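Everything in the sequence shown is counted per full-length UniProt numbering, starting at 1 for the first residue and increasing by one.
First the structure, in the form of structure tokens, and then the observations on it.
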Amino acid sequence: MIEARLDESDVRTDNRYVSVADGEKVCYGDHTDTDNRYDSPPAGNFGVYLTAADQLVVLDVDDYDGDDLPFDLPDTLIEESPHGGEHLYYHVPVDADGRMPAAVFDDEIGAKNPVPSWGEVQVSNKYVVAAGSTLDDCGKEWHDCTQPDEGDYTVAEDREIATVSAERLVEVLLSDSEIEEPTPDLKPGTREHENDDVYLDVHDVLFSAEYPEEERTAHPVHGSSTGTNFQVDDGAETWRCWRHGCTGNALHLIGMQHDIIECGEWDNGGLDTETWREIFAAAREDGYDIGDPHSHDEPEEPDYDGVDDEADLIDLARDRVQDVFARMNPPEDEDVESLGKKPAIHEFAVIIDTYWHWLYPDAASAEWQNTLYIYDVDRGIYTTNGETAAEEITEKLLGDFADNHVVSEIVAKLKRRNRAAAREIDAQKPPAHELVVENGILNLKTGELRDYTPEEYHTTRVDVAYDPDAQTDRIDKFFREVVDDGHVSTLYRLAAHILLKEYPSRKAALLVGEGANGKGTVLDLFEEFVGSENTVARGIQSLTDYRFAAQDLHGKLANLEGDLSPNELNDSRMIKKLTGDDQINADVKQANETVNFQNHATLMFAVNTVPQSPEDSHGWWSRWMYIPFPNRFDGDDAKPKSELMDELTTEEELQGLLARTVEEIQRYDETGEFFPESKTPEEVREQMKNAANPVRDFATTAFNEVEEPDGAYGRVRKDHVVDAYSRYADEHDLPNLNPQKLKDDVKKLDDFTIEAGQSRALSDDDRVQCFVGIEWTARGAQLAAIEQPDDDQGVLDGDWKQDVPLADVREYVETHPEADVYEVMREFGFGGDAFDAVEHLVEGVDTDSDDGGDDDPDAGGVNTNDTEDDDSDESSASDDGGDTDGSTPDRRYTAAQKEQAVEAMAEDTDEDADEIAETLLIREEDEDEVTEIVAGVRGDEDDTEDPAPPAPPESDAPPVTDVPTRGEDEDGIEYDTEEIGDPGDVVAAHGEVDAGVEDVDVIVIPRDEFGIAVEAAYARDVEFVTPDGDSIGDAE
């Protein structure tokens, strides 16, 4: 019935009910804890819970005599207790000022739960036992709850819950002439309700050394035959007695000490108002301060504007301490009762609590640890050395009176008096962009400074004064020495990121570089900037594997790890959590507790070798910022680090760094980007994978991938790769690898498709081991010490001398029947002089000598050497396709081709015979023949005596008469319209292209010049095609 009426009313019903012990009125557990509250009534006895953030008010009327209610309020739902009392339920909306009823009562009457003469008003952190519950025994002489139905809570009037204004209730309450101070509300776990107004706990009445928390001892009033019937609960707010099965608080103890009540008497219906008044009076007689600790009875808080140091505070507090000592030892001629030791200790604790600011978080959370904090007046922050400070202050103030027992009692009282829940601390938590610095509280977004105040719970301070005009001349010079210009701003922004008590970037910084390159000095500078007390140094692996490591980050500004191991990364989850505003649950070493917090310590790691990454995902790479430190500072020219740090950490430089960080935070506040220069996750992936895998780094520098290897193109020798990596490793301080491991790692590269193979296209002699699917870049060729005339990746080196057995060529032709002459030429890398021999093989013409030596794989081969090979076999193919006399002359042209080429140049140019021979690449022993041909063309038998005119100054290449142009032939095939008619024109045109005189993409070659063109195609960025449009060869 109660549940139905609440459901239909305008009050909330979530977390509304508490479970009450069967046959009793006591709540199971702490009713203020939401874990002990329910959305619907639990089985058995239950109560209706009320909170200050609530619009439900219950008037608890003690109407034992059956008198009419002394007020006129709307009819509403009424419960009746076994003893005739009534619970009147009302819905009380917020008032015109937006105040909840508890706030209205507190402001207008002075108590959230007022106590009129006719009962109590239950509204703030209270519960009332509800209809449907039963008392088994009440202990009252005039009522017997043990009889049938006599112990039941019932519904006296079943009506809708009426609505009444807070103002009307205030009028009713203030009309009661006997309304006085509220009944003391008992602490959680007692038989009654929570106390908002009484600041005594059990250890204010009993010595903690004799009655430690959660240890069974003898009851301090009625004793124990076993010595184990009494225990002070955790927190010392309540105690329990096993003899009487009751729970009480400090005031109950005082009442028993003065024989006002018996143990457990309050457990049967509670204590009446008059009894509580007697207990309050007894407590005051004993010297206890009952009520608000900030009332007129409390010491006045000192004016901190006049306090310069700890000694000033000691002097201010000492006068109050002397007053207490005087009351402990009044003059003999005065009829004044002396103040006892226990009450005196209580007053000393109150004085120390008032003159200094303390805080005792009830659990480790957010920025806070579960320890006693003290506000440092000089530094403007709360520090964790509160317990030590309390001991020192007590000894200074109390002198010889401060024995160990007294000191421990006062420290315990300070903790209890300043206990604060996490939600209370969070309400006074400063924003993430405010930071205590040397000259005030600095707003990092606006650059504004204000005075220190204990009202704000700051725990972090940077010992640098803020001066917006300060500069960083030496730091700026240092940053530019150790990183590229593009990363100078990044280092300043990292310093700014450290100061914010949040993690806006979601990135960790990786400082990478070998040897003495400045990255460690950068970390040392940042530590000096914010203070070692605000930093920690934990590696990634320890943060992941060591259960107490994450706790080290709690409340810190930066994690600066300067020596990250190459094997550090084995789990990405912790890094993601620490940079992602996730809740971190960390075990606290040497304490049986955990701490929950959001990390705001900027993660920075310095490494020589980047660790392998545990995953390859966008989310992982987006968490990293890769900052290379490319320069090394060692040897005699390197400045000693201590000297350098002295220069970087002067007062002026650190003030300049603070000013620059404020500028960076202001920029971030305007743009929303903390590191606008940061790379994309894909770019970071490339950087870190290269650094983590030096072979991959080398490969991306030295290789280009080739999808369709063709002859020598797309193949590199393995021994050249080993040589190139060795040089690269020496240059970049990478480990030199075993050649076989290097070869294995090259084949395993994810970013290339590389196969192992053998080829004769890369050697003058036998087959050599090679990698297939890659070509050298210009840098790679340089590392491999290969002559590389230009950036053309189709060129392995400038020496195309080959000596391939004819049997190998025939085997290739037989196994590749679809291959034409051009493909075979490219496969083996032949020069133009081998064209005719290859053509004969492709067309099925036998070029072997009569003795059949071609079947012997060692019987010679297609020879393309520039010098005559005296050991060549008769079975070798002639370079002119016709001579088979065994001499196998090695030349680039047939006799007819050579003559035609020389004649063409003699007619079209002014070059002399020597220049023509050089241009046409004719060997020295044939130069006399060239001289004769030139003389014949020009009609001058002594042509060599007449010097040729000098070459045009704009080009070193020989001039040509016909410069190829683009066009289309009658068949629609794109080519140069002026076909080059002789070998001289072919070679001369190559010279023009190489010299950059003409930008030619395609040259059409007549049929009899294919051999020359094929060879030329290997070394030119030009495509050579036949008149029919077939490609002869190109660099691609």
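Backbone N, C-alpha and C fix where the C-beta goes; we use that ideal spot for every residue, glycine too.
All of these numbers come straight from a predicted model, not from anything done at the bench.
7 Å Cβ cutoff met for residue i and residue j
i: G245; j: W239; result: no
i: L444; j: V662; result: yes
i: A692; j: A784; result: no
i: V464; j: L654; result: yes
i: A344; j: V324; result: yes
i: R216; j: T228; result: yes
i: L414; j: D376; result: no
i: V722; j: V610; result: no
Burial state of residue i, where buried means 16 or more other Cβ atoms lie within 10 Å
i: W356; result: buried
i: F526; result: buried
i: D14; result: exposed
i: N385; result: exposed
i: K743; result: buried
i: D946; result: For D946, the predicted model reports a pLDDT of 47, less than 50, meaning its position is unreliable and no value from the coordinates is stated.
i: P676; result: exposed
i: E178; result: exposed
i: W276; result: buried
i: K689; result: buried
i: G1; result: It is Met, not Gly, that sits at residue 1 in the sequence shown. Exposed is the call here.
i: R891; result: Note on R891: pLDDT 34, under 50, position unreliable in the model; the coordinate value appears next. It is buried - the Cβ of R891 has at least 16 other Cβ atoms within 10 Å.
i: I740; result: Before going on, a small fix: residue 740 reads as Gln here, not Ile. By the 10 Å Cβ count, Q740 comes out exposed.
i: P331; result: exposed
i: W142; result: exposed
i: T521; result: buried
i: F548; result: exposed
i: A421; result: exposed
i: K477; result: exposed
i: V862; result: Interpretation of V862 is limited by its pLDDT of 41, a score under 50 that renders its predicted location unreliable; the figure taken from the coordinates is listed afterwards. Buried.
i: H252; result: buried
i: Q231; result: buried
Sequence-distant residues of the same chain with beta carbon closer than 6 Å to residue i, five excluded per side
i: T134; result: G151, D152
i: R5; result: L77, I161
i: Y452; result: G380
i: S759; result: R715, C770
i: N599; result: L553, L578, I584
i: F71; result: V172
i: V821; result: V838, E839, V842
i: S224; result: A218
i: Y1018; result: The predicted model places Y1018 with a pLDDT of 47, which falls under 50 and marks its position as unreliable, so this point remains unresolved.
i: N45; result: V20, D22, S133
i: A282; result: I254, H258
Presumed contact (8 Å Cβ cut-off) between residue i and residue j, rounded CB distance
i: E775; j: G714; result: 6 Å
i: E652; j: A470; result: 6 Å
i: I374; j: A389; result: 5 Å
i: V809; j: D745; result: At roughly 35 Å, the Cβ-Cβ gap does not stay under 8 Å, so V809 and D745 are not in contact.
Sequence-distant residues of the same chain with beta carbon closer than 8 Å to residue i, five excluded per side
i: H405; result: F207, A209
i: D176; result: P70, P116, S117, W118
i: V530; result: V462, I498, L499, L557, A558
i: E708; result: G714
Close beta carbons around residue i, own chain, < 7 Å, minus the five adjacent residues each side
i: A53; result: M100
i: D467; result: Q655, A659
i: D128; result: The sequence shown places Val at residue 128, not Asp. Hits under 7 Å: G47, V48, V58, D60, H87, Q122.
i: T620; result: In the sequence on display, residue 620 carries Trp and not Thr. Taken in chain order, the residues that qualify are S572, S613.
Heavy atom of the ligand HEM within 6 Å of residue i beta-carbon
i: A4; result: This structure lacks the ligand HEM, and indeed carries no ligand of any kind.
Uninterrupted beta strand (DSSP E) stretches inside the segment 589-677 (no shorter than 3 residues): 594-598, 602-607, 624-628
Start-end ranges of the beta strand (DSSP E) lying completely within the segment 230-278, minimum 3 residues: 230-232, 239-241, 246-248
Sequence ranges, alpha helix (DSSP H) only - wholly within the segment 474-542, length at least 4: 488-499, 519-530
Beta strand (DSSP E) runs wholly inside the segment 749-795, at least 3 long, in chain order: 755-759, 768-772, 774-776
3-residue-minimum beta strand (DSSP E) runs that sit fully inside the segment 300-361, ordered along the chain: 358-361
Segments of 4+ residues assigned as alpha helix (DSSP H) that fall wholly inside the segment 692-742: Given a length threshold of 4 residues, each whole run of the alpha helix (DSSP H) inside the segment 692-742 is given here in chain order: 694-702, 718-732.
Contiguous alpha helix (DSSP H) assignments of at least 4 residues, all confined to the segment 144-176: 166-174
Start-end ranges of the beta strand (DSSP E) lying completely within the segment 376-436, minimum 3 residues: 381-383
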